[in-house]
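Quick note on the UniProt record's numbering: the sequence shown kicks off at 1 and runs consecutively.
Think of the CB as a built atom: it goes at the ideal place given N, C-alpha and C, for glycine as much as any other residue.
Since this is a predicted model, take the numbers as computed values, not measurements.
Following: one structure in structure tokens, then a few remarks.
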Amino acid sequence: MQTNLNCLANICAFNKSGSCYACHIKVEGFDAAITPETYCDTFKNNSAFHLSNYSGEISLTNTQNISCSANNCVYNISGGCNASHVDINSNNASCETFKSK
Ligand code: SF4
Ligand code: SF4
């Protein structure tokens with residue numbers, strides 16, 4: 001299956017081979033001016049959380065499934081993300097695609 005959301009945070013329970021299966025993610029960064037000030041709030045460390053015990057929906061996440069509070073990002077449209085492709089980093093699950101207005 002194709003996705004335009006790639007994630008390098010491979011210790012996240014929702015990450016399978018660089019794709020995200022959280023169905024929907026929330027990216028935070030209300031005052032963010034640079035990438036390290038953003039983060040994926042849906043991240044769950046796989047040492048403490050196992051998808052096999054999860055009762056929520058699991059499906060491949062795309063950029064249209066992102067809610068984002070990073071108002072300073074050029075791709076943020078009313079709390080949604082209109083970037084054609086988003087990369088989430090391994091470090092802090094920050095949004096590499098963030099681009100300051
Ligand atoms: S860090 Fe966020 S984008 Fe990456 S797999 Fe986890 S929930 Fe998905
Ligand atoms: S590209 Fe911008 S709007 Fe899209 S998730 Fe990243 S920070 Fe939010």
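Check whether the Cβ atoms of residue i and residue j sit closer than 8 Å, and answer yes or no.
i, j, result
"residue 83", "residue 97", "yes"
"residue 88", "residue 95", "yes"
"residue 33", "residue 78", "no"
"residue 90", "residue 8", "yes"
"residue 19", "residue 3", "yes"
"residue 58", "residue 86", "no"
Which same chain residues, not among the five before or five after residue i, have their C-beta less than 6 Å away from its C-beta?
i, result
"residue 28", "39, 41, 69"
"residue 37", "29"
"residue 74", "99, 101"
Taking the alpha carbon of residue i as the reference point, which residue from the options has its own alpha carbon closest?
i, options, result
"residue 48", "30, 2, 3, 14", "14"
"residue 23", "11, 43, 10, 8", "43"
"residue 46", "58, 73, 10, 2", "10"
"residue 12", "26, 50, 31", "50"
"residue 64", "31, 53, 76", "76"
Once the 5 residues before and after residue i are set aside, which same chain residues still bring their CB inside 7 Å of it?
i, result
"residue 35", "94, 95, 96, 98"
"residue 26", "41, 42, 67"
Along the beta strand (DSSP E) that carries residue i, what are the first and last residues, could you check?
i, result
"residue 34", "No beta strand (DSSP E) contains residue 34, which DSSP labels as neither H nor E."
"residue 25", "25-28"
"residue 5", "5-7"
"residue 86", "86-88"
"residue 66", "66-68"
Closer than 8 Å by C-beta to residue i: which residues in its own chain qualify, once you throw out the five before and the five after it? Chain order, please.
i, result
"residue 56", "23"
* To do: Give me every residue whose Cβ sits closer than 6 Å to any heavy atom of ligand 2, in chain order.
  => 27, 29, 38, 66, 68, 70, 73, 75, 76, 81, 83, 86, 95, 97, 98
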